[in-house]
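Read the structure below first, then the notes.
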Amino acid sequence: MKVAVFSTKSYDSEFLDAANAAAQANHDFVYFDTRLSPKTASLAADFPAVCVFVNDDVGAETLEILAEQGTRFIALRSTGFNHVDLKTAAELGIKVARVTVYSPFSVAEHAVGLVLMLNRRLYRAYNRVRDDNFSLEGLLGFDLHDSTVGVIGTGKIGIIFAQIMQGFGCYLLGYDAFPNPKFEEINNARYVQLPELFANADIISLHCPLTPETYHLIDANAIAQMKPGMMLINTSRGGLIDTKAVIEGIKSGKIGNLGIDVYEQEDELFFRDLSDTVILDDDFQLLQSFPNVVITAHQAFFTRNALSDISNTTVANITEVEQGHPLKNEISYQLSVSIATSG
Ligand code: NAD
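Laid out in structure tokens, this is it:
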């Protein structure tokens, strides 16, 4: 099948080509490094399938152009689908499939990496030693052992994050709209309601999806309930956090450490080299200026294992459509509503 692949980086084409060859699928991937948007949708004219990543614009306007040009299938190279207007896609007869599962270890391990980096100020220590500055001032951390970690969203990634933190000797408080029995099988783990989690956690890590219910879950009201000096980690979706409220939380000392791999306005920034330009996002620049904030640019998924899983599933999804087989990983509007309301 002829597929227009948007937001292509070198690693996307490398892993997609390898998966295409391994499956002997013979899909005709045409790679575009530009992002999909109403302005670039014309590149996909006459392509029956389009393949996109998390910051491509798959809103109503783009979908209408794609449908007009003959596209009937969209393959997401992601688990999250909050960037797709599934209702409009359904109305236009465009099917959408996602990568339901790929290495959850990639994201959970990155979240743990942010915890360690912030707690022991490894980013500052690395630069200092390179500068022959061997002072320890400002590098003081705390033992993770015996600390309390709140995990919001205990699905595939949240469970693995919790298991790793249990290995450090942490106590775990979980919150999930749809509790997962596997969580309470972990030693020293129990479910609580959000106010108890906010009040007692030294570290809070977000692993729930972005839905209308979870939008700005971490707002001024939530932050007011948290322990002074707590650490907040977000590797899930930027919209879970009210950035302005978090900035105030850092200024007041309520939030002692912030580690984020996702940012609400990241589609203006991430996955590009902007080192030669002036960044106009004042909130982002302010966050960058704080000594207790570490930002990575949506790289938590970025392991060989995860890229291989994503590419293999994407090729299989396209093959199912080409061969007219049932689309196992289809994400329909009805299914998306039920995922948001049933977990
Ligand atoms: P999952 O579906 O296995 O788990 C999500 C959990 O969140 C479920 O247990 C669900 O019940 C829970 N949940 C749903 N609504 C909730 C609510 N209102 N309050 C609390 N919990 C709620 O998903 P996963 O594979 O563990 O992925 C979690 C998130 O990680 C994804 O939604 C995605 O946004 C993010 N992610 C980020 C990256 C990255 O590179 N940074 C990569 C992959 C996934």
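Numbering (this note's numbering), first residue to last: 117 to 459.
Glycine is no exception: its CB is placed at the ideal position from the N, C-alpha and C atoms.
Note that the coordinates shown come from a computational prediction; the quantities given were computed from them, not determined experimentally.
*Any chance you could list the alpha helix (DSSP H) runs of at least 4 consecutive residues sitting entirely within the region 260–296, in chain order?*
Restricted to the region 260–296, the alpha helix (DSSP H) segments that are unbroken, complete and at least 4 residues in length are 272–283, listed in chain order.
*For residue 302, which three-state DSSP category applies?*
As a first step, residue 302 must be located in the sequence shown, where it is residue number 186. In the three-state DSSP reduction, residue 302 falls in the coil class, being neither helix nor strand.
*Please classify residue 314: does DSSP put it in a helix, a strand, or coil?*
Locating residue 314 in the sequence shown gives position 198, counting from the first residue. In the structure shown, residue 314 sits in a helix (DSSP, three-state: H, G or I).
*Identify every run of the alpha helix (DSSP H) within the region 364–399, keeping only runs that are complete inside it and at least 4 residues long; order them along the chain.*
If we require 4 residues or more, the region 364–399 turns out to have no alpha helix (DSSP H) run fully inside it.
*Looking at the unbroken alpha helix (DSSP H) that takes in residue 222, where does it start and where does it end?*
Position 106 of the sequence shown holds residue 222. First-last of the alpha helix (DSSP H) with residue 222: 220–235.
*Going by the beta-carbon positions, is the gap between residue 224 and residue 277 smaller than 9 Å?*
Against the sequence shown, residue 224 aligns to sequence position 108. Against the sequence shown, residue 277 aligns to sequence position 161. A contact, by the Cβ cut-off of 9 Å.
*Can you list, in chain order, the residues of its chain whose CB lies under 7 Å from that of residue 214, leaving out five sequence neighbours each side?*
Reading the sequence shown from its first residue, position 98 is the one you call residue 214. Result list for residue 214: 192, 194, 195, 197, 445, 447, in chain order.
*Report all residues from its chain with a CB closer than 7 Å to the CB of residue 178; omit the five preceding and five following residues, and keep chain order.*
Locating residue 178 in the sequence shown gives position 62, where the first residue counts as 1. So the list reads 152, 153, 154, 157, once near-sequence residues are dropped.
_Along the chain, where does the beta strand (DSSP E) containing residue 350 start, and where does it finish?_
Stepping through the sequence shown from its first residue, residue 350 is reached at position 234. Segment 346–350, the beta strand (DSSP E) holding residue 350.
*asked:* Any heavy atom of the ligand NAD inside 8 Å of the beta-carbon of residue 220?
replied: Indexing the sequence shown from 1 puts residue 220 at position 104. With a cut-off of 8 Å, the C-beta of residue 220 is classified as near the ligand NAD, since at least one heavy atom of the ligand falls inside that distance.
*Decide if residue 358 is buried, meaning its Cβ has at least 16 other Cβ atoms within 10 Å, or exposed.*
In the sequence shown, the residue the question calls residue 358 occupies position 242. By the neighbour-count rule (16 or more Cβ atoms within 10 Å), residue 358 is buried.
_Residue environment, residue 251, which counts as buried when at least 16 other CB atoms sit within 10 Å_ = Residue mapping note: residue 251 aligns to position 135 of the sequence shown, counting from 1. Exposed is the label assigned to residue 251, since fewer than 16 other Cβ atoms lie within 10 Å of its Cβ.
*Look at residue 328 and residue 352 and say whether their C-beta atoms are less than 9 Å apart.*
Taking the sequence shown and counting its residues from 1, the one referred to as residue 328 is at position 212. Taking the sequence shown and counting its residues from 1, the one referred to as residue 352 is at position 236. For residue 328 and residue 352, no; Cβs fall outside 9 Å.
*Can you find a heavy atom of the ligand NAD that lies under 8 Å from the Cβ of residue 341?*
Position 225 of the sequence shown holds residue 341. For the ligand NAD, not one heavy atom lies less than 8 Å from the Cβ of residue 341.
_Beta-carbon contacts of residue 449 that lie in its chain and below 7 Å, excluding the five residues immediately before and after_ = Reading the sequence shown from its first residue, position 333 is the one you call residue 449. Excluding its 5 nearest sequence neighbours in each direction, residue 449 has C-beta neighbours in its own chain below 7 Å: 202, 203, 206, listed in chain order.
*Excluding five sequence neighbours on each side, which residues of the same chain lie with their C-beta closer than 6 Å to the C-beta of residue 458?*
As a working mapping, residue 458 is identified with position 342 in the sequence shown. Model confidence at residue 458 stands at a pLDDT of 39, short of 50, so the residue's coordinates are unreliable and nothing is read from them.
*What do you get for residue 146, buried or exposed, if any count of 16 or more other CB atoms within 10 angstroms of its CB means buried?*
Taking the first residue of the sequence shown as 1, we reach residue 146 at position 30. Exposed, since its Cβ has fewer than 16 Cβ neighbours within 10 Å.
*Using a threshold of 9 Å, state whether the C-beta atoms of residue 299 and residue 288 are closer than that.*
Within the sequence shown, the letter at position 183 stands for residue 299. Within the sequence shown, the letter at position 172 stands for residue 288. With a cutoff of 9 Å on beta-carbon distance, residue 299 and residue 288 are scored as near each other.
*DSSP three-state assignment for residue 128, whether helix, strand or coil*: Here residue 128 is taken as the residue at index 12 of the sequence shown, counted from 1. Correct three-state label for residue 128: helix.
_Check for me: the alpha helix (DSSP H) holding residue 336 runs from which residue to which?_
The residue labelled residue 336 in the question sits at position 220 within the sequence shown. Residue 336 -> alpha helix (DSSP H) spans 336–340.
_Secondary structure of residue 307, DSSP reduced to three states_ = As a working mapping, residue 307 is identified with position 191 in the sequence shown. Here residue 307 sits in strand by DSSP.
*Would a C-beta distance cut-off of 9 Å place residue 347 and residue 374 closer than the cut-off?*
The residue given as residue 347 occupies position 231 in the sequence shown. The residue given as residue 374 occupies position 258 in the sequence shown. Judged by beta-carbon spacing, residue 374 lies within the 9 Å limit of residue 347, meaning their Cβ atoms are closer than that value.
*Can you give me the Cβ contacts of residue 248 inside the same chain, cut-off strictly under 7 Å, excluding the 5 residues immediately before and after it?*
Working through the sequence shown from its first residue, we reach residue 248 at position 132. Same-chain partners within the cutoff: there are none.
*asked:* Using the Cβ count rule (16 or more neighbours within 10 Å means buried), how would you classify residue 123?
replied: Here residue 123 corresponds to residue number 7 of the sequence shown, with the count starting at 1. By the neighbour-count rule (16 or more Cβ atoms within 10 Å), residue 123 is buried.
*Under the three-state reduction of DSSP, which class applies to residue 202: helix, strand or coil?*
Locating residue 202 in the sequence shown gives position 86, counting from the first residue. Residue 202 carries a helical assignment under DSSP once its states are collapsed to helix, strand and coil.
*Any heavy atom of the ligand NAD closer than 8 Å to the CB of residue 194?*
As a first step, residue 194 must be located in the sequence shown, where it is residue number 78. Within the cutoff, so yes.
*Under three-state DSSP, which class holds residue 329?*
Counting from one through the sequence shown, the residue named residue 329 turns up at place 213. Three-state result, residue 329: coil.
_Using only the alpha-carbon positions, how far apart do residue 210 and residue 175 sit?_
In the sequence shown, counting from the first residue as 1, residue 210 sits at position 94. In the sequence shown, counting from the first residue as 1, residue 175 sits at position 59. Their Cα atoms are separated by approximately 12 Å.
_Which of helix, strand or coil DSSP assigns to residue 155_ = As a first step, residue 155 is located in the sequence shown; it is residue number 39 there, counting from the start. It is coil, neither helix nor strand.
*Determine the DSSP secondary structure at residue 245, reduced to helix, strand or coil.*
Translated into positions along the sequence shown, residue 245 becomes position 129. DSSP, read as helix, strand or coil, puts residue 245 in helix.
*Would the beta-carbon of residue 272 be found less than 8 Å away from any heavy atom of the ligand NAD?*
Here residue 272 refers to the residue found at position 156 when the sequence shown is read from its first residue. Yes - the ligand NAD has a heavy atom lying nearer than 8 Å to the Cβ of residue 272.
*Can residue 296 be considered in contact with the ligand NAD, in the sense that its beta carbon sits closer than 8 Å to one or more heavy atoms?*
In the sequence shown, residue 296 corresponds to position 180, counting from 1. It does: the Cβ of residue 296 is within 8 Å (strictly closer) of some heavy atom of the ligand NAD.
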